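Student: Read left to right, the sequence shown gives residues 29 to 251 (my numbering). Don't be surprised by glycine CBs; every beta carbon is placed ideally from N, CA and C. For clarity, every value in this text was computed on a predicted model and none was experimentally measured.
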Amino acid sequence: MTHLKRINVPSTWPVERKSTKFITKPSPGPHRLEESMPLGVILREILKLGKEKREIKIILNDNKVLVNNKIRKKFDFPVGILDTLSIPDISKFYKLVYSTKGRLILKEINKEESNYKICKIIGKTILKKKKIQLNFYNGENLVIDKDIYKVRDSVILKDNKIVKHLQFEKNALIYLTGGKHIGNKGILVDIKKAPGFSKDIVVFKIDNKLHETLADYSFILEK
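#1: Between which two residues does the beta strand (DSSP E) containing E62 stretch?
#2: Quick check for students: name the residue ranges of the alpha helix (DSSP H) that lie wholly in the segment 114-201, counting only runs of 4 or more.
#3: Apart from the five residues on each side of it in sequence, which residues of its chain come closer than 7 Å, Cβ to Cβ, to K212?
#4: Since L170 and D181 should fall inside the 8 Å C-beta cutoff, what is the C-beta to C-beta distance between them, to a whole number of angstroms?
#5: Ignore the nearest five residues each way along the sequence and tell me which others in H59's own chain have a CB closer than 6 Å to its CB.
#6: In the structure shown, what three-state DSSP assignment does E73 receive?
#7: Within 10 Å of its beta-carbon, does E136 have 16 or more other beta-carbons around it, so buried, or fewer, so exposed?
#8: By the three-class DSSP mapping on this structure, what secondary structure does L216 have?
#9: Between Y177, K174, C147, which has its C-alpha nearest G167's C-alpha?
#10: Which residues bound the beta strand (DSSP E) around I248?
#11: Do the CB positions of L185 and K251 come within less than 7 Å of each other?
#12: In this structure, what does DSSP give as the bridge partners for T241?
#13: Count the other CB atoms within 10 Å of the CB of N96; is the residue buried (16 or more) or exposed (fewer)?
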């Protein structure tokens, strides 16, 4: 388990900078440091389920905490943006999201919502026998039978099966995961394809006002 100096933690982390000198760093994973937090830190410093690390470790070792419906025991397990966090013993269920100020916060959801996981497609891989594998933003993969999905589309999963396909297209609802509109939702108005190695731009609307940002910052949600 590695650590960071508290004064150097990402600005997205909603933690005290001046309490102890060091704080646990999330273990290596698919999420960037600024878009994830260690599970134990979330339980201790956001949900206040214990003051000491050993108290949190007892909770984790008792199989009482799930991330994306899987039991997780490691204090430094990385919980990333739009992951679900469930504590069934106290009937609490959350999703990690950005506030409109760019801070990671826990949004309370209900038990039924916690059974679903929304994933953004960031790539596709051709496997043997021409099977297609979808590569998701969170490092997970899923092999599919029919190639009807595109990069930047989102899918909603339940029990690791696709139950809904959300296309990256005009009039879709998008969630902003970066840029100055981070944490906001808007309606996709236009997609500006960039030449060469430049990055595509999306035009979106919030409260009838048009804005632009990198397409990479857009995450398609269910309306």
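Tutor: On the basis of the coordinates in this document:
#1: Residue numbering aside, residue 62 sits at position 34 when the sequence shown is read from its first letter. First-last for E62: undefined, no H or E at that position.
#2: Fully enclosed alpha helix (DSSP H) runs of 4 or longer: not present.
#3: Mapped onto the sequence shown, residue 212 falls at position 184. Sequence inspection shows Asn at residue 212; the Lys mentioned does not correspond to that position. Counting only Cβ-Cβ distances below 7 Å, and skipping sequence neighbours, we find T128, L204, I234.
#4: Against the sequence shown, residue 170 aligns to sequence position 142. Against the sequence shown, residue 181 aligns to sequence position 153. Actually they do not touch by this definition, with Cβ atoms about 12 Å apart.
#5: The count along the sequence shown starts at 1 and reaches residue 59 at position 31. The residues P106, G108, in chain order, have a CB closer than 6 Å to that of H59 in the same chain once the five nearest residues on each side in sequence are set aside.
#6: On the sequence shown, position 45 is the one that residue 73 refers to. Three-state DSSP puts E73 in a helix.
#7: As a first step, residue 136 must be located in the sequence shown, where it is residue number 108. Its Cβ having fewer than 16 others within 10 Å, E136 is exposed.
#8: As a working mapping, residue 216 is identified with position 188 in the sequence shown. In the three-state scheme derived from DSSP, where H, G and I count as helix and E and B as strand, L216 is classed as strand.
#9: For the purposes of this step, residue 167 is taken as residue 139 along the sequence shown, with counting starting at 1. Minimum Cα distance to G167 is reached at C147.
#10: Within the sequence shown, the letter at position 220 stands for residue 248. Annotation: the continuous beta strand (DSSP E) that includes I248 extends over 246-249.
#11: Residue numbering aside, residue 185 sits at position 157 when the sequence shown is read from its first letter. Residue numbering aside, residue 251 sits at position 223 when the sequence shown is read from its first letter. At a Cβ-Cβ threshold of 7 Å, L185 and K251 do not count as neighbours.
#12: For the purposes of this step, residue 241 is taken as residue 213 along the sequence shown, with counting starting at 1. V230, per the DSSP bridge assignment.
#13: As a working mapping, residue 96 is identified with position 68 in the sequence shown. Looking at its Cβ environment, which holds 16 or more other Cβ atoms inside 10 Å, N96 is buried.
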